[in-house]
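J.:
Chains as they are written, first to last, in this note's numbering: chain A, 12 to 285; chain B, 5 to 323.
Next comes the structure, spelled out in structure tokens:
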């Protein structure tokens with residue numbers, strides 16, 4: 012009997028619920044694995060997939076979105092060891108699962124907290140309700156690889172947005188593995204799209220794309236790049252989440268700002284009856 | 005030039021006089037190598053067209069678009085808006101060329117004619133009881149005359165597929181000839197509805213039949229059946245127009261229609277036109293795209309090339 016040869020895995024992109032290689036055919040060696048090196052065109056394709064998913068995901072009931080996110084947490088729990096094997100500390104995996112559950116709970120509660128009835132001087136009901144902004148480009152933080160990633164994806168999608176995430180270039184394996192979790196947990200294809208590779212290729216494409224509604228620059232560490240991305244984002248008035256400070260502690264209570272920044276408020280006036 | 009085309013040169017004009025001669029000729033055309041045609045079409049689709057070549061291709065494709073709406077729900081307002089878009093596809097960029105034509109149902113022709121009057125944009129109307137073609141001949145011809153009188157300068161007719169598939173080539177031929185004369189000065193595009201013809205051999209025969217009967221253009225599809233234009237079908241038709249010109253000296257145009265939605269698809273067609281029929285056909289007078297959503301994608305790609313950033317559908321009209 013010859014010795015068994017291990018099957019090596021190629022870590023691919025996650026676009027529209029599928030795992031394509033980069034359109035450019037490129038890959039790079041990182042964390043001892045071959046990982047796809049996303050191009051500008053991959054970013055564009057991901058935006059198309061994310062846009063196509065907006066209608067169904069934003070149109071789903073908040074309760075339904077919450078249930079799907081709980082399901083993601085369940086699958087994450089089952090894959091705990093896989094993340095540990097990738098070098099993610101066990102307590103970080105636990106924190107990431109808890110973070111996911113925490114955001115899942117917000118799905119059908121945020122509207123009560125952030126929307127409401129406004130007092131107006133006239134015979135009208137005046138109601139404000141938050142609605143998702145649409146497609147969000149996200150630059151995930153470099154560290155912590157899993158908790159940071161979950162902490163930027165979950166708040167964006169829980170309210171009905173879809174995201175294109177530029178994963179940490181130095182530690183992308185947790186992101187690709189999270190994509191495998193998302194692909195097997197009832198989340199519709201295209202709601203989360205994950206690109207691995209250089210930020211200098213993917214992030215400017217997302218920031219300048221006219222069909223992206225908001226950009227989360229959390230993971231951008233280079234101040235010059237961050238400023239450039241903000242300028243690009245201004246072209247179509249994207250909502251912008253600024254880079255996180257270098258010493259940001261991801262284990263603390265995140266609050267609701269990440270969710271509320273990526274919302275649009277719709278206010279309706281309705282005449283009162285007699 | 006194929007051997008068949010050479011031998012046909014002498015007596016092509018006589019073919020329409022007898023069913024037997026037509027059948028002998030059409031069945032004498034060389035069979036299409038299905039695998040070869042599909043492989044060739046797929047191979048041509050892999051060409052990489054970038055930067056300035058892409059910019060040229062996009063502008064050419066915009067000029068070749070037959071901007072089409074063929075819905076039961078078409079209203080005068082909707083077709084007027086479409087005609088306005090045909091004149092200035094991208095209001096934000098005056099350098100953007102106008103499209104080739106607007107294509108509507110006969111009842112909508114007068115409203116489009118008002119908007120297009122005096123412009124270089126053609127006005128095409130489907131006729132001959134589009135899309136099925138299953139009506140008595142007098143009714144089909146009346147349909148054509150009405151459209152021409154209302155202002156259409158291009159008529160898109162459907163062939164009688166029932167008769168074609170049953171082998172009654174003479175009947176199909178005579179209908180096209182009759183429609184041709186009903187058109188007067190208007191250009192005649194003959195829709196083969198290749199999705200219903202089943203084989204590439206039939207596509208080749210129908211193409212020749214339509215050209216022999218006097219069609220100015222051969223068009224793939226109505227857009228109303230599940231299988232519309234495909235690259236291999238268009239390849240077979242482009243070979244047919246090339247061979248027909250070699251045999252008779254008359255140039256016939258080609259119009260793939262239906263299912264062409266992206267700039268990438270359109271450029272694949274342009275590459276195929278250039279490689280199969282030749283550069284003579286790379287002109288809105290000889291090649292058109294029957295499409296509606298294609299135009300917005302072309303405009304978005306055009307904007308990407310001029311501004312450097314990817315455009316979004318929010319910035320172009322819904323139609």
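Glycine included, C-beta positions come from ideal geometry on N, C-alpha and C.
Taking 9 Å as the threshold (beta carbon to beta carbon), is residue 246 (chain A) in contact with chain B?
T.: As a first step, residue 246 (chain A) must be located in the first chain, where it is residue number 235. Answer yes: the Cβ-Cβ gap between residue 246 (chain A) and chain B drops below 9 Å somewhere.
J.: By Cβ distance, which residues of its chain are closer than 8 Å to residue 230 (chain B), with the 5 residues on each side in sequence left out?
T.: The count along the second chain starts at 1 and reaches residue 230 (chain B) at position 226. Excluding sequence neighbours, residue 230 (chain B) sits near 199.
J.: Please work out which residues of its chain come closer than 6 Å, Cβ to Cβ, to residue 148 (chain A), disregarding the five sequence neighbours upstream and downstream, and give them in chain order.
T.: On the first chain, residue 148 (chain A) is found 137 positions in, with the first residue counted as 1. 175, 217, 223 and 226, listed in sequence order.
J.: Take residue 239 (chain B) and list the residues in its own chain whose beta-carbon comes closer than 7 Å to its own, dropping the five residues that flank it on each side.
T.: Against the second chain, residue 239 (chain B) aligns to sequence position 235. The answer, listed in chain order, is 41, 44, 45, 276 and 280.
J.: Does DSSP put residue 25 (chain A) in a helix, a strand or coil?
T.: Numbered from its first residue, the first chain carries residue 25 (chain A) at position 14. The answer is strand: DSSP assigns residue 25 (chain A) an E or B state.
J.: Between residue 89 (chain B) and residue 283 (chain B), what straight-line distance do the alpha-carbon atoms span, to the nearest angstrom?
T.: Taking the first residue of the second chain as 1, we reach residue 89 (chain B) at position 85. Taking the first residue of the second chain as 1, we reach residue 283 (chain B) at position 279. Near 28 Å, if we compare the C-alpha coordinates of residue 283 (chain B) and residue 89 (chain B).
J.: In the DSSP assignment, the beta strand (DSSP E) including residue 31 (chain B) goes from what residue to what residue?
T.: The sequence position of residue 31 (chain B) within the second chain is 27, counting from 1. No beta strand (DSSP E) holds residue 31 (chain B); the alpha helix (DSSP H) holding it covers 23-32.
J.: Keeping to the same chain, check which residues put their C-beta closer than 7 Å to that of residue 83 (chain A); ignore five residues upstream and five downstream.
T.: Counting from 1 along the first chain, the entry for residue 83 (chain A) is found at position 72. Contacts found: 111, 192, 193, 196 and 198.
J.: Across the region 154-164 of chain B and the region 123-143 of chain B, are there enough close Cβ pairs to call them in contact, namely three or more that are closer than 8 Å?
T.: Output reads yes: the region 123-143 of chain B touches the region 154-164 of chain B.
J.: Against chain B, does residue 222 (chain A) count as a neighbour if the rule is that its beta carbon must be under 9 Å from one of theirs?
T.: Working through the first chain from its first residue, we reach residue 222 (chain A) at position 211. Cβ-Cβ to chain B under 9 Å: yes for residue 222 (chain A).
J.: Just to check my reading of the structure: residue 22 (chain A) and residue 44 (chain A) have Cβ atoms closer than 8 Å, yes? What is that Cβ distance to the nearest angstrom?
T.: For this step, residue 22 (chain A) is matched to residue 11 along the first chain. For this step, residue 44 (chain A) is matched to residue 33 along the first chain. Correct: roughly 6 Å between the Cβ atoms.
J.: DSSP state of residue 219 (chain B), grouped into three classes?
T.: Mapped onto the second chain, residue 219 (chain B) falls at position 215. Here residue 219 (chain B) sits in coil by DSSP.
J.: Alpha carbon to alpha carbon, how far is residue 148 (chain B) from residue 111 (chain B)? Give it in angstroms, no decimals.
T.: Counting from one through the second chain, the residue named residue 111 (chain B) turns up at place 107. Counting from one through the second chain, the residue named residue 148 (chain B) turns up at place 144. Near 11 Å, if we compare the C-alpha coordinates of residue 148 (chain B) and residue 111 (chain B).
J.: For residue 317 (chain B), which residues does DSSP report across the bridge?
T.: The residue labelled residue 317 (chain B) in the question sits at position 313 within the second chain. According to DSSP, which records beta bridges pairwise, residue 317 (chain B) is partnered with nothing at all.
J.: Is it right to say residue 136 (chain A) is buried, meaning 16 or more other beta carbons lie within 10 angstroms of its own, or is it exposed?
T.: Here the question's residue 136 (chain A) lines up with position 125 in the first chain. Its Cβ having fewer than 16 others within 10 Å, residue 136 (chain A) is exposed.
J.: Could you tell me whether the region 260-270 of chain B touches the region 17-33 of chain B, using the rule of 3 or more Cβ pairs below 8 Å?
T.: Short answer: they don't touch.
J.: What number of angstroms, rounded off, separates the C-alpha of residue 49 (chain A) from the C-alpha of residue 217 (chain B)?
T.: For the purposes of this step, residue 49 (chain A) is identified with residue 38 of the first chain, where counting begins at 1. For the purposes of this step, residue 217 (chain B) is identified with residue 213 of the second chain, where counting begins at 1. When rounded, the distance between both Cα atoms is 53 Å.
J.: Are the C-beta atoms of residue 93 (chain B) and some chain A residue less than 9 Å apart?
T.: Along the second chain, one-based indexing puts residue 93 (chain B) at 89. Answer no: the Cβ-Cβ gap between residue 93 (chain B) and chain A never drops below 9 Å.
J.: Name the chain B residues whose beta carbon is nearer than 8 Å to that of residue 33 (chain A)?
T.: The count along the first chain starts at 1 and reaches residue 33 (chain A) at position 22. Correct list: empty, because the minimum Cβ distance to chain B is about 16 Å.
J.: Given a cut-off of 9 Å on the beta-carbon distance, is the pair residue 313 (chain B) and residue 246 (chain A) in contact?
T.: The residue labelled residue 313 (chain B) in the question sits at position 309 within the second chain. The residue labelled residue 246 (chain A) in the question sits at position 235 within the first chain. Yes.
J.: If we define contact as Cβ-Cβ less than 9 Å, is residue 250 (chain A) a contact residue for chain B?
T.: As a working note, residue 250 (chain A) is residue 239 in the first chain. No, residue 250 (chain A) lies away from the interface with chain B (no Cβ there is under 9 Å from its Cβ).
J.: For residue 290 (chain B), which of helix, strand or coil comes out of DSSP?
T.: On the second chain, position 286 is the one that residue 290 (chain B) refers to. Coil at residue 290 (chain B), not helix or strand.
J.: Considering just the uninterrupted stretch of the alpha helix (DSSP H) at residue 215 (chain A), what are its terminal residues?
T.: In the first chain, residue 215 (chain A) corresponds to position 204, counting from 1. Here the alpha helix (DSSP H) through residue 215 (chain A) covers 210-219.
J.: Chain B beta carbons: is any one of them nearer than 9 Å to that of residue 147 (chain A)?
T.: Here residue 147 (chain A) corresponds to residue number 136 of the first chain, with the count starting at 1. Not one chain B Cβ lies under 9 Å of residue 147 (chain A).
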